[in-house]
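Q: Here you go, one structure.
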C-alpha cells in the first residue's frame, strides 16, 4: 500500500469512528436501501426455489423407483403363491405399469424438466453473485470509501463555513483556499458515489420486474409435466384394476376392505410364531 493509500485508510477509520460517535453525519441513501431490501428478498426466494425444485424432482424419481421396488416384491409374493391367480396377474400388471412410469419419467420428462425448469432457475441464481459483487463494490470498496471521504469532506466544509478562523494574522485568501479544497474533495467524492448509486438504483428494479416474464414459461412447463405424469399414472394404474374381481372393487367402494385386512391380521395373531397360544 502506498503512503497516500495508507493515509486515506487511516482517515477513513477515523471518519468511521466519528460517525459512530455522532460527530460526523452518515450519508444514508434510503432509496437504495429500499431497492436492495427488495432485491435481497428476491434473491432469497430464488435460491429457495432452486433448492425446492431440485428436491421436488429428486422426490419424484425416488417415488417411482420405490414404486418399482414395491411392485417387484409384490410380484414375488404372488408368483410364489399362485401364478395363475387374479392377484398374481394384478401384481404382474402393477409391476409392468410402475416400471413404465419409472422409465418414462427419466426418458420423457427428465430432460424437459432440466431444460425448462431447473436450468432457467439456475441461470437466474447465477446472476446473483455478479449483482452482489456490484453491491459489495458500492458498499465495501468504492461507495463506502468515497462515501466516507464525502462525509469527512462535508464535515470539514461545514466546520470551515460555520467556524471561520479567528486568527487575525491569517489572510482571508488562505481561509478561502482551504474551503475551496474541501469543496473540491466533497464534489469529487459525491460524483463517484452518485454514479455507483444511480446505476444500482436504476437497474435493481429492472431485474425484479423481469422475474415474472422470465419464470412464466418455467411455471407453465412444470404444470404441464405434472399433469402429464398424473394422467399417465392414472391411465396405467387404472388398467391394473381389471385384474381384480368385481367383488374386490365393490368391497373397496363400500369400504369393506379394511375389515378384510383386520380379519387376516387376526388370523396371523393366532399363530404361535406371532405370539398366539
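Residue numbers (UniProt numbering): 1 to 277. Quick reminder that beta carbons are idealized off the backbone N, C-alpha and C, glycines included.
#1: Is residue 74 closer than 8 Å to residue 56 when the C-beta atoms are compared?
#2: Within the same chain, show all residues whose beta-carbon is closer than 8 Å to that of residue 105, passing over the 5 residues directly before and after it, in chain order.
#3: Just the C-alpha distance for residue 188 and residue 138, rounded to the nearest angstrom, thanks.
#4: Quick one: what's got a C-beta closer than 7 Å to residue 53's C-beta in the same chain, skipping five residues either side?
#5: Which term fits residue 71, buried or exposed, when burial requires 16 or more other beta carbons within 10 angstroms of its beta carbon?
#6: What is the C-beta distance between residue 39 and residue 196, in whole angstroms, given that I count them as a contact (C-beta under 8 Å)?
#7: Leaving out five residues before and five after residue 50 in sequence, what residues of the same chain have Cβ atoms less than 7 Å from its Cβ?
#8: Can the beta-carbon of residue 90 be found less than 8 Å from the beta-carbon of residue 243?
#9: Closest to residue 240 by C-alpha separation, out of 36, 248, 97, 34, would be which residue?
#10: Short of 7 Å in beta carbon distance, which residues of its chain neighbour residue 29, apart from the five on each side in sequence? Order them along the chain.
#11: Identify every run of the alpha helix (DSSP H) within the stretch 80–128, keeping only runs that are complete inside it and at least 4 residues long; order them along the chain.
#12: Using CA coordinates, which residue listed in 261, 258, 191, 101 is at the minimum distance from residue 236?
#13: Quick check on this structure: which residue in 202, 251, 218 has the alpha carbon closest to the alpha carbon of residue 131?
A: Inspection of the coordinates gives the following:
#1: no
#2: 60, 61, 64, 229
#3: 16 Å
#4: 117, 118, 121
#5: buried
#6: Incorrect: roughly 15 Å between the Cβ atoms, too far for contact.
#7: 121, 122, 125
#8: yes
#9: 97
#10: 197
#11: 86–104, 110–113
#12: 101
#13: 202
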